[in-house]
Amino acid sequence: MNVLVVGGAGYIGSHCVRQLLATGHKPIVLDNLVYGHRDTVPEEVAFYPTNLGNEKEVGKILRKEKIELVMHFAAYAYVGESVTDPLKYYFNNVASTLHLLRCMIGSGVKKFVFSSTCATYGEPASMPIVETMPQAPINPYGQTKLDVENALKAFAHAYGLSFAAFRYFNAAGAAEDGSIGEHHDPETHLIPLAIDAAQGLRDPLKVFGNDYPTPDGTCLRDYVHVDDLSRAHIAVFEKLATPGTALFYNLGTGKPTSVLEVIQAVEKVLGKPVPRTAAPRRAGDPPELYADSTKAKTELGWEPQFTDIESIVATAWKWHEVNPKGFAK
Ligand code: UFG
């Protein structure tokens with residue numbers, strides 16, 4: 000299938016591009032490189048440095064490349080920034096996405112795979128999280144993702160759009176061959192920061208909060224390997240054949256891991272201590288978030304291949320060890 004990967008030079012998108020190639024599909028990458036890295040795009044893949052909201056250009060690409068399905072990874076995803084600068088998030092994550100969808104529907108491209116997030120659930124009353132639980136985001140980032148989910152439902156009904164929205168838990172790790180990995184600027188994610196701290200490339204890691212109502216007092220998250228996420232995106236293709244299909248799936252391992260357990264895993268994999276300091280809780284961090292992904296397992300036959308934090312950290316380290324400064328461009 001000819002697949003337009005919007006945000007295909009970003010962290011999750013770039014891993015998906017490789018999975019598409021490995022499974023015999025033809026990815027075409029669209030990425031404005033605001034956060035993406037040109038170096039991630041394989042030579043054999045067509046690359047368009049275009050804004051997803053540019054309907055004229057995107058329409059041309061859809062026709063020229065005979066696109067059958069669009070995957071959309073191109074969102075701003077800094078929760079804190081979404082609180083201080085919500086306009087940036089609504090314009091990119093909602094408005095630009097609507098331009099992309101209008102362009103697709105106008106061009107007759109009606110299969111869509113959308114990157115959503117566990118942040119759409121806010122602070123759920125119980126764990127693990129199932130898809131039917133109420134969605135009540137506590138920050139604009141989560142709200143923008145939920146707004147798109149709701150628009151997609153209406154578009155499926157009205158225009159016959161077929162879509163799957165995947166609610167990711169904590170994407171982590173890197174390609175097993177060490178070819179690409181996680182590089183955000185600024186970096187805010189726990190695993191790359193812990194790796195950098197262990198290598199002395201950054202200040203000691205701040206552990207945000209040690210008084211949460213969890214077994215060791217630090218937050219529990221569900222770290223899911225980026226290649227496992229990618230596999231789900233491809234496993235859903237068949238289901239999108241019927242016009243008007245609307246699908247929502249949680250993607251996580253179902254295993255809660257604390258901040259201290261992640262730090263221990265980094266120390267074990269690198270064989271070095273992670274220098275750290277205790278810091279106050281980070282605003283907006285729920286104490287625990289972990290998935291029930293039974294629906295993806297049952298309906299898509301999806302089974303995460305990386306189920307323990309050490310094996311996930313090992314893949315991250317394989318990339319960071321060779322690329323301590325990340326991608327050059
Ligand atoms: N943490 C630290 N110190 C740090 C960085 C993180 O203690 O320097 C802690 C956080 O408090 C949190 C855990 O490590 O408990 C994981 O934090 P990340 O920033 O790596 O990931 P988040 O859980 O905050 O964010 C992820 C995605 C977001 C998404 C969010 C949903 O990256 O895009 O889950 O809650 F919105």
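Start counting the sequence shown at 0; every next residue gets the next number (numbering that gives the first Met the number 0).
All C-beta atoms, glycine included, are put in the ideal place defined by N, C-alpha and C.
| Lys238 versus Trp301: straight-line alpha-carbon distance, rounded | Computed Cα separation, rounded: 13 Å.
| message | According to DSSP, simplified to helix, strand and coil, what is Val321? | response | Helix at Val321.
| Among all the DSSP beta bridges, which residues are the ones paired with Glu287? | Leu219
| field | Contact check, Ser114 vs Ile11, beta carbons under 8 Å | value | yes
| message | Using CA atoms only, rank isn't needed, just tell me which of Asp38, Asp226 and Tyr222 is closest to Pro255. | response | For Pro255, the closest C-alpha among the options Asp38, Asp226 and Tyr222 is that of Tyr222.
| request: Can you tell me the Cβ-Cβ gap for Gly172 and Phe305, rounded? I've got them flagged as a contact below 8 Å. | output: 6 Å
| message | Across the segment 244–259 and the segment 154–168, are there enough close Cβ pairs to call them in contact, namely three or more that are closer than 8 Å? | response | yes
| message | Going by beta-carbon coordinates alone, are Ala315 and Cys117 separated by less than 8 Å? | response | no
| Would you say the beta carbon of Ala76 comes nearer than 7 Å to a heavy atom of the ligand UFG? | yes
| task | Taking only runs that begin and end inside the segment 250–308, name each unbroken beta strand (DSSP E) of 3 or more residues, in chain order. | result | Scanning the segment 250–308 from its first residue to its last, the whole beta strand (DSSP E) runs of 3-plus residues come out as 275–278.
| request: Could you pull the start and end residues of the alpha helix (DSSP H) that Phe154 belongs to? | output: Pro139 to Tyr158
| Using the beta-carbon count (16 or more within 10 Å), is Asp30 buried or exposed? | buried
| message | I'd like the span of the beta strand (DSSP E) that includes Ser115, first residue to last. | response | DSSP places Ser115 in the uninterrupted beta strand (DSSP E) bounded by Lys110 to Thr116.
| said: What does the alpha-carbon distance come out to for the pair Gly121 and Asp176? | reply: 35 Å
| query | Residues in its own chain within less than 6 Å of Leu259 by CB, not counting five upstream and five downstream? | reply | Asp215 and Thr217
| task | Output the distance between the C-alpha atoms of Ala153 and Val147, rounded to the nearest integer angstrom. | result | Taking the straight line joining both Cα atoms gives about 10 Å.
| Start-end ranges of the alpha helix (DSSP H) lying completely within the segment 175–215, minimum 4 residues | Listed in chain order, the complete alpha helix (DSSP H) runs (minimum 4 residues) inside the segment 175–215 are 189–197.
| field | Asp38 vs Lys317 beta-carbon contact at 8 Å | value | no
| query | Does the ligand UFG have a heavy atom nearer than 7 Å to the CB of Phe111? | reply | no
| field | Local conformation of Phe236 per DSSP, three classes | value | helix
| Close-in-space but distant-in-sequence residues of the same chain around Phe187 (CB under 7 Å, 5 per side omitted) | Sequence inspection shows Thr at residue 187; the Phe mentioned does not correspond to that position. Answer for Thr187: Tyr77, listed in chain order.
| message | Helix, strand or coil, according to DSSP, for Ile60 in the structure here? | response | helix
| query | How would you label Leu99, buried or exposed, when you count the other beta carbons within 10 angstroms and need 16 or more for buried? | reply | buried
| request: Could you say which of Phe207, Pro191 and Ala45 lies nearest to Ala282 if we only look at CA atoms? | output: Phe207
| query | Out of curiosity, what's the CA-to-CA distance linking Ala196 and Val273? | reply | In this structure, the straight-line span from the alpha carbon of Ala196 to that of Val273 is close to 6 Å.
| query | Quick one: what does DSSP say Ala8 is sitting in, helix, strand or coil? | reply | Three-state DSSP puts Ala8 in coil, outside helix and strand.
| task | Can you tell me which of Leu288, Pro139 and Glu67 puts its alpha carbon nearest to the alpha carbon of Thr83? | result | Nearest option by C-alpha distance: Pro139.
| field | Any residue whose CB is nearer than 6 Å to a heavy atom belonging to the ligand ZN, listed in chain order | value | For the ligand ZN, the structure offers nothing, since it holds only the ligand UFG.
| field | Counted within 10 angstroms of its Cβ, other Cβ atoms place Ser349 as buried (16 or more) or exposed | value | For residue 349 there is no data in the structure shown, the boundaries of the chain being 0 and 328.
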